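First the structure, in the form of structure tokens, and then the observations on it.
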Amino acid sequence: MNFTDFRLFLRLYGIVECCKMLEEKSFRGRSADFFYMMLFGVMVLTGIVLGGRIVPSVSASFAGIYYLSDSLVIMMVYLWSKYNPSIPIGFILFTCTSAYLPWVLLGISIFVGASPLVELLGIVAGHAYYFLEDIYPRMTGRRPLKTPAFIKAWFADDEFMRPATHVRLAPPAPQDELIRDE
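Read in this note's numbering, the sequence shown has 1188 at position 103, and its numbers run on one by one without any break.
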């Protein structure tokens, strides 16, 4: 296995494990919010790359970026690591907590000689979402990334995913009606 295959393996791990857990736990019952988070990430990443191609001093760095899917995966890994910071992650030679996973992936890219720009873009997009969705509302009481109503209308209410709070159990059978084998 060469280093390119190892990076691909890490991306697939990010898609399968981190993104699945992000959707099932942090966004459970909120499919529209998960979609809006991904849409926000796509818009931020596209804006950064297109803006970077316009600026002459950095345009050469952004000229080779055609696919933003890896950056989107890193963005979701970053968000998952923010929402689940204490899960231990084992690599071949060491173990770290999930809070450091995006930075470990960035270090691996640097170690294998790849450009760290893809990982950095994902971290920037993830932090932009995390700040605007979690930190800024706590500071100001306003939520700028509230999912629009027309996007929520595209998705089901997700009531089937929320546990029912009004479940009634059948009353126990009276003692004299129990059949006893004696």
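No residue lacks a Cβ here, since even glycine has one placed at the ideal position from N, Cα and C.
What you are looking at is a predicted structure, and each value in this text was computed from that prediction instead of being measured.
Which residues does DSSP pair with residue i in a beta bridge?
i	result
Pro1173	Thr1182
Using the rule of at least 16 other Cβ atoms within 10 Å of the residue's Cβ for burial, across every protein chain shown, is residue i buried or exposed?
i	result
Glu1102	exposed
Glu1109	exposed
Phe1119	buried
Lys1105	exposed
Phe1094	exposed
Leu1097	exposed
Leu1164	buried
Val1203	buried
Ala1241	exposed
Ile1139	exposed
Met1325	What is shown of the chain runs 1086 to 1267, which leaves residue 1325 out entirely.
Gly1132	exposed
Gly1192	exposed
Ser1154	exposed
Val1197	exposed
Ala1117	buried
Give the range of the alpha helix (DSSP H) segment to which residue i is assigned.
i	result
Tyr1168	1154-1168
Ala1117	1116-1139
Pro1229	No alpha helix (DSSP H) holds Pro1229; DSSP gives it neither H nor E.
Just to check, is the beta-carbon of residue i closer than 8 Å to a non-hydrogen atom of the ligand HEM?
i	result
Val1134	Because no ligand of any kind appears in the structure shown, any question about the ligand HEM cannot be addressed here.
Considering only residues of the region 1185-1211, which uninterrupted alpha helix (DSSP H) runs meet the minimum length of 4 residues and lie entirely inside it, listed in chain order?
1186-1196
Mind the definition here: the region 1181-1189 touches the region 1203-1216 only if three or more C-beta pairs lie below 8 Å; say whether that holds.
yes
Taking 8 Å as the cut-off, does the region 1227-1235 touch the region 1118-1134 (at least 3 CB pairs, one atom from each stretch)?
yes
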